[in-house]
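Step one of this worksheet: look at the structure below.
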Amino acid sequence: MIISKGALNASIIQSKKSPRALSALSSSNYFNLHESHGRQQTRNIVGLVNAIDKRVYRWAKSVMPPISQTEQIALGSGTIGFDRDIFTGSPSLQHLVDTYNPKVSAEEQAFIDHQVDKLCSLLNDHDVSMQRDFTKEAWDYMRDEKFFGMKIPKEWGGLGFSTHAVSQVLAKLATHCFDANATVAVPNSLGPGELLARYGTDDQKEYFLPRLADGTLIPCFGLTGPHSGSDATSLIGSDCVVEEKDGQLGVRATFNKRYITLAPIAGVVGLGLNLSDPDGLLGDKGSAGFTVALLERDHPGLRMGKRHMPLNAAFMNGTVEGEDVWIPMSMILGGQERCGFGWNMFVECLAEGRGVSLPAGSIGAARGVASGVGAYSRVRKQFRVPIAEFGGIQEALASAGSDGLITIAGGDLMNAIVDNHEAPMVISSVMKQNCTERGRRIVEKGMDIAAGSAICRGDNNYLGNAYMSLPIAITVEGANIMTRSFQIIGQGLTRCHPTCLT
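Okay, structure coming up:
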């Protein structure tokens, strides 16, 4: 039945006089047909939109650069947990409370209260920056008390501390000496100790772990080169080829590493190499790709040397180089079976370096500014009034305090996540970028309040060296602009999306 517009209007007018007329009309096929037509129209529109989406997607895919195998491995490495909740827009605070509980044991707290305090007493921050080194007494104490082996299991001579305990140690050191924080951080995060404990062969564990635990060997990790920078996956200038020499399988490597913390004094280096196997010598044991080698300082052809000077910082940093260096398969971390598995290893290592060690420095800055600058503002007077009474000073202290509390809370969460045996790539990126940015703001506020007393260098200046070292924290482990753009937004949206990776 077809009803004209005029008839419909007439029926509506009539309905005002007779409700039955409208009732009869409503029970007719008109509304059924109209509803059916609407559904068909909606289906047509949805189908058109889907067709356009598919064409746009195919076009976008054709103009986007392809993802390399190494990048694909990096994208799929690590774990996803609370970061997925963040990207859904509905994170659950109760889930965090129920799942994660950062805490230190009595043994760990005793170490923080005694050994860490003792080390701080051995360090004069101004003297360290002037001499560009620690005293022999400080170096020996760090070795004797196993500051370089906090994460190594007790069975191998280490302290077997939790991630949260290591973070508390690093934060406390950062309140006193940024260089001590950086020096202790590397062996307990970016050093190969924990990777050896997880992936090393029995022979590698037995040889290296006790020596790393007692400081006989100080480790470093060589990844970045002069042309790769924050693009760690590129491994430009770090090529090696599988070869056979005198009946022994190994790799011949050429590498040029820069900005490697502790390289000038390291006894062993973990090298990130781009392995190729053109002759198929690996067979079904291992594969080409990112591979980690362990070389001691006296390895033939290895040059560990010239020292960099990162701004005003005094921690050891330098180069690792070699041309046509022969590396037996026994020196590949995990043996031949772990060839090509380096990125998966590195992700776990990076989660602690980027998500724990660097934020610990910002936590130390927050505590130092809150206590030091807060106390200064009460005793320092201008115009016969303590400057703590000035609204501008109160604003700066409030800003530094709020950033500090956020940084501490984030650090506690990240530590608990890692202690829960997770390797959160996205959250570690968020922590690195966010906490170092907040750390920079905290120290800048402290400098603004302390003013001239923080400008003149000397034994009593507790802010100057931290202020000059902050750009280093912003830059290392992936510059913050790159970290935010590529890893937090790019990798975060991709990894945490329910269907992108599938």
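Residue numbers (the numbering used here): 1374 to 1875. Even for Gly, the Cβ is constructed at its ideal location relative to N, Cα and C.
Secondary structure of residue i, DSSP reduced to three states
{"i": "E1669", "result": "strand"}
{"i": "R1505", "result": "coil"}
{"i": "R1830", "result": "coil"}
{"i": "C1712", "result": "coil"}
{"i": "D1754", "result": "Correcting the residue type first, residue 1754 is Lys in the shown sequence and not Asp. Strand, per DSSP."}
{"i": "L1866", "result": "helix"}
{"i": "G1644", "result": "The sequence as given places Leu at residue 1644; Gly does not occur at that position. Correct three-state label for L1644: strand."}
{"i": "S1649", "result": "strand"}
{"i": "I1453", "result": "coil"}
{"i": "S1400", "result": "Low confidence applies to S1400: its pLDDT is 49, below 50, so where it sits in the model is not reliable enough to give any reading."}
{"i": "D1517", "result": "helix"}
{"i": "F1763", "result": "coil"}
{"i": "I1779", "result": "helix"}
{"i": "I1845", "result": "helix"}
{"i": "T1664", "result": "strand"}
{"i": "P1637", "result": "coil"}
{"i": "P1797", "result": "strand"}
{"i": "I1790", "result": "helix"}
{"i": "I1525", "result": "coil"}
{"i": "I1822", "result": "helix"}
{"i": "I1425", "result": "helix"}
{"i": "A1394", "result": "Model confidence at A1394 stands at a pLDDT of 44, short of 50, so the residue's coordinates are unreliable; what they give is reported in the following sentence. Three-state result, A1394: helix."}
{"i": "S1802", "result": "helix"}
{"i": "I1861", "result": "helix"}
Cβ separation of residue i and residue j, assumed to be a contact under 8 Å, to the nearest whole Å
{"i": "F1581", "j": "V1641", "result": "7 Å"}
{"i": "G1713", "j": "F1663", "result": "7 Å"}
{"i": "G1745", "j": "Y1835", "result": "5 Å"}
{"i": "D1821", "j": "A1769", "result": "6 Å"}
{"i": "L1635", "j": "M1718", "result": "Not a contact, Cβ separation roughly 19 Å."}
{"i": "G1588", "j": "F1484", "result": "Contact doesn't hold; Cβ gap of about 16 Å is too wide."}
{"i": "S1435", "j": "A1686", "result": "46 Å between Cβ atoms; not a contact."}
{"i": "N1853", "j": "T1809", "result": "6 Å"}
{"i": "Q1806", "j": "I1862", "result": "Contact flag wrong, Cβ pair sits at about 10 Å."}
{"i": "R1740", "j": "T1548", "result": "5 Å"}
{"i": "D1792", "j": "S1535", "result": "5 Å"}
{"i": "I1633", "j": "G1564", "result": "Wrong, their Cβ atoms sit about 11 Å apart, outside the cutoff."}
{"i": "V1477", "j": "Q1541", "result": "6 Å"}
{"i": "L1546", "j": "V1489", "result": "7 Å"}
{"i": "V1729", "j": "M1787", "result": "6 Å"}
{"i": "A1639", "j": "R1670", "result": "7 Å"}
Residue range of the unbroken beta strand (DSSP E) whose run includes residue i
{"i": "K1679", "result": "1676-1680"}
{"i": "F1594", "result": "1592-1595"}
{"i": "K1545", "result": "Counting along the chain, K1545 falls outside any beta strand (DSSP E), though it belongs to the alpha helix (DSSP H) covering 1536-1549."}
{"i": "E1694", "result": "1690-1701"}
{"i": "K1618", "result": "1611-1618"}
Distance CB(residue i)-CB(residue j) smaller than 9 Å
{"i": "V1799", "j": "G1451", "result": "yes"}
{"i": "H1537", "j": "P1475", "result": "yes"}
{"i": "E1725", "j": "E1567", "result": "yes"}
{"i": "L1648", "j": "V1693", "result": "no"}
{"i": "G1533", "j": "K1524", "result": "yes"}
{"i": "L1646", "j": "A1626", "result": "yes"}
{"i": "D1650", "j": "A1661", "result": "yes"}
{"i": "A1586", "j": "K1519", "result": "yes"}
{"i": "I1333", "j": "L1448", "result": "Given that the chain is displayed from residue 1374 to residue 1875, the structure contains no residue 1333 and the question cannot be resolved."}
{"i": "I1845", "j": "L1684", "result": "yes"}
{"i": "R1727", "j": "M1804", "result": "yes"}
{"i": "L1723", "j": "V1849", "result": "no"}
{"i": "I1453", "j": "P1797", "result": "yes"}
{"i": "A1433", "j": "C1493", "result": "no"}
{"i": "S1611", "j": "L1644", "result": "yes"}
{"i": "R1757", "j": "S1826", "result": "no"}
Start-to-end residues for the alpha helix (DSSP H) that takes in residue i
{"i": "Q1621", "result": "Taken as a continuous stretch (DSSP letters only), Q1621 belongs to no alpha helix (DSSP H), being part of the beta strand (DSSP E) at 1621-1634."}
{"i": "E1850", "result": "That residue, E1850, is in no alpha helix (DSSP H); it is neither H nor E in DSSP."}
{"i": "D1471", "result": "1466-1472"}
{"i": "R1740", "result": "1731-1741"}
{"i": "E1480", "result": "1479-1486"}
{"i": "F1581", "result": "1575-1586"}
{"i": "E1567", "result": "1566-1572"}
Closer than 9 Å to chain D by CB, residue i
{"i": "R1431", "result": "Of the protein chains in the structure, only one exists, and it is not chain D."}
I want to know whether the region 1568-1584 touches the region 1700-1708 - three or more CB-CB distances under 8 Å. yes
Please confirm if the region 1510-1526 is in contact with the region 1687-1700, defined as three or more CB-CB distances below 8 Å between the two stretches. Counting Cβ pairs under 8 Å, fewer than three are found: no touch.
Three Cβ pairs or more, each shorter than 8 Å: is that satisfied between the region 1771-1786 and the region 1810-1819? yes
Cβ contact (3+ pairs, closer than 8 Å) linking the region 1672-1691 and the region 1727-1736: no
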